[in-house]
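Below is one structure, written out as structure tokens, with a few remarks after it.
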Amino acid sequence: MDVGRNDMLSELANDAALERTDFIVQATEQLRRFLDRHRDRISTLGGLTLIDDDPDYLSIAPDCTFRVRSRYEDQDTGEWVSDTEIVETPSELVELYNPAEVFQAFAEAAREAAGFGEEPTATDDLMGAAGVAPEETFVLGDAAGYAGAADEWAAAQPPVLEADDEESAARALYDLALDFQERSQQSEARLIEQFEDASARLVGQLGDLIIVDDDDERLTLGASGGFRAEVLPEDGGGEWRELTTPDDIVEFYDPTDIFGDLADALAEGYPSIAPEMDDGEDEAEDGEDEAEDVIDVDTSDNGRQP
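According to our numbering, the stretch in the sequence shown is residues 1376 to 1681, in order.
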């Protein structure tokens, strides 16, 4: 095997692993700050059920620990078993859930607990729900105005919000969760952009790297250094959607998973680039995943293998 090629793949795998670690650190700190600001509110509310969609379940207790329900197949009986475990720290939670989904779950749970109506979608309703007066609005086409208004709004927010009653606490928590969801998505998109910039020359010498190729999704790191994907959304009416920008990508993918899957696929496709593991670790990985995504190099003219 070409040593130069292995070196490039090794650098790519190592960089993906580092970016994944950096993302987890940033996401953990962001979630920890959010919980610290609302620790008293969550305690007063008696906790919240954030997700309850069988088999997926996530709740936060008054002490700000999480309850997560997992579902797995018992290898001995062949039956599916549900198990609820306690997740004590934000760092553990971001390994299990996309931070943007966690903030969205907080927003929806707070809104439901307060008895609010459906999430506003019309402009007037949305501005009213956000507490934005008409004179504070701006033209959407004015990018500079949008950025300036967003910065001014963020700077005007108090570091610790207060509430006088349960409903106002739920509303404040709802608004803040939506705010942090947006920040999380923006942070994720920037992280992907940084990785694309750092890996552009490496991938340029390797060609397109196929990370995921399933019936309903395909994720590729292109030769230009940019991620692109095609997905079949559940609510898309059977129409495929192309994802060509970092903002598009983070709507469907968690950067933690992207970088981890890329590193794993590179290590599996080119075993010599990854650190050697002992037999115990190999057996554990074999038991967890019977089928791993295997990286492939797309050398076709149109960039789409049959």
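C-beta atoms are modelled at their ideal positions from N, C-alpha and C, and glycine is treated no differently. Since this is a predicted model, take the numbers as computed values, not measurements.
| Query | Result |
| --- | --- |
| Can you list, in chain order, the residues of its chain whose CB lies under 8 Å from that of E1448, leaving out five sequence neighbours each side? | E1454, W1455 and V1456 |
| Nearest to I1567 by alpha carbon, out of L1548, D1451, L1596 and R1546? | L1596 |
| Which stretch, first to last residue, makes up the alpha helix (DSSP H) that contains T1419? | R1414 to L1420 |
| Roughly how many whole angstroms lie between the Cα atoms of I1417 and F1555? | 16 Å |
| State the start and end residues of the unbroken alpha helix (DSSP H) segment that holds I1435. | Per DSSP, I1435 belongs to no alpha helix (DSSP H); it is in the beta strand (DSSP E), D1431 to I1435. |
| Taking 6 Å as the limit between beta carbons, can you name the residues of its chain near R1603, skipping five residues before and five after? | T1595, G1597 and T1619 |
| Under 8 Å, do A1392 and F1570 count as touching if we go by C-beta distance? | no |
| Counting only runs of 3+ residues fully inside the segment 1566-1648, write out the beta strand (DSSP E) ranges in chain order. | 1583-1588, 1592-1596, 1602-1606 and 1616-1618 |
| Which of the three DSSP states, helix, strand or coil, is assigned to F1441? | strand |
| Do A1475 and A1545 count as a contact pair if the criterion is CB distance below 8 Å? | no |
| Would you kindly work out how many angstroms separate the C-alpha atoms of L1420 and E1541, rounded to a whole number? | 7 Å |
| Taking its Cβ as the centre, do 16 or more other Cβ atoms sit within 10 Å of D1458, making it buried, or is it exposed? | exposed |
| Would the segment 1571-1587 and the segment 1385-1402 be scored as touching if the rule is three or more Cβ pairs under 8 Å? | yes |
| Give me the Cα-Cα distance between Q1405 and G1422, rounded to the nearest whole angstrom. | 20 Å |
| Can you give the Cα-Cα distance for S1599 and I1624, rounded to whole angstroms? | 16 Å |
| What is the rounded straight-line gap between the Cα of S1466 and the Cα of I1399? | 7 Å |
| Let me know if T1631 comes out buried or exposed under the rule of 16 or more other beta-carbons within 10 Å of its beta-carbon. | buried |
| Do W1615 and E1626 come within 8 Å of each other at the CB atom, strictly closer than that value? | no |
| Can you tell which of D1429, T1440, D1636 and T1396 has the C-alpha that lies nearest to the C-alpha of R1367? | Residue 1367 lies beyond the residue range present for the chain, which begins at 1376 and ends at 1681; the question has no answer from this structure. |
| With which residues is L1423 paired in a DSSP beta bridge? | I1435 |
| CA-CA distance, F1481 and R1380? | 45 Å |
| Taking only three categories from DSSP, how would you classify D1451? | coil |
| Any idea if L1384 is buried or exposed, counting beta-carbon neighbours within 10 angstroms, 16 or more meaning buried? | buried |
| Can you look up D1411 in the DSSP assignment and give me helix, strand or coil? | helix |
| Going by beta carbon distance, what residues of the same chain come within less than 6 Å of S1445, once the five residues before and after it are set aside? | D1458 |
| With DSSP as the reference, please indicate the residues paired to S1466 in a beta bridge. | Note: S1466 sits in no beta bridge, so no partner. |
| Could you pull the start and end residues of the alpha helix (DSSP H) that F1478 belongs to? | P1474 to A1488 |
| Output the distance between the C-alpha atoms of S1434 and F1478, rounded to the nearest integer angstrom. | 12 Å |
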